[in-house]
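Peer 1: For the sequence shown, the working numbering begins at 8 and goes up steadily by one.
In this text, a Cβ means the ideal position worked out from N, Cα and C, and glycines have one as well.
Please read these numbers as outputs of a predicted model, since none were measured by experiment.
Handing you a structure now.
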Amino acid sequence: MRIVLLILSLFCHASAIRFLFASELFCEYDEDVFEFKIAYFNGDEQISTERHLSARGSLFFFHEGAAESIENPEKVHAVIEHDCNENGDKMEVSYYFSAIDSEKVVQRIDYKLELADQHGEIYEKDSDSNEDQQFLHLSK
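Laid out in structure tokens, this is it:
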């Protein structure tokens, strides 16, 4: 089986964008446990599994996701269904990442990896840009 995968990796180009979302949710009704489910989307395409969680007050968690490509980063968003309100009714909210204050972003690293390549080096693509972007340049 390993030989087949090795041969396929020489001829097939595989690419995906993988995410690790770090999120912190707060509920002002501290005396009650609130429940929520969350999933991440690229437009209409779901790019993460749906997670069901519960917490009291606040919860910090990580959530993985992946997509073949992101055509428009403005469309990446989280959909959260929760019961954090006075009467405990279910509510749904969409939170678009374009609304995130750039000062709250820890670090963003963009990279491209081709599995058939053997060596790589990290370089900055645009030194005039204010964004913290790094790219992994691979060569054979």
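In the DSSP assignment, what residue or residues form a beta bridge with residue 41?
Peer 2: Residue 41 is bridged to 62.
Peer 1: Is the beta carbon of residue 89 sitting closer than 8 Å to the one on residue 41?
Peer 2: Taking 8 Å as the Cβ cut-off, residue 89 and residue 41 qualify as a contacting pair.
Peer 1: In terms of alpha-carbon separation, which member of 56, 62, 63 lies closest to residue 73?
Peer 2: Looking at the Cα atoms, 56 is the closest of the given residues.
Peer 1: Is residue 103 buried or exposed, if buried means 16 or more other CB atoms sit within 10 Å of its CB?
Peer 2: Exposed is the call here.
Peer 1: So, with DSSP's three-state summary, where would you put residue 105?
Peer 2: Looking at residue 105 - three-state DSSP - the assignment turns out to be helix.
Peer 1: Please classify residue 79: is it buried, with 16 or more other beta-carbons within 10 angstroms of its beta-carbon, or exposed?
Peer 2: Exposed, since its Cβ has fewer than 16 Cβ neighbours within 10 Å.
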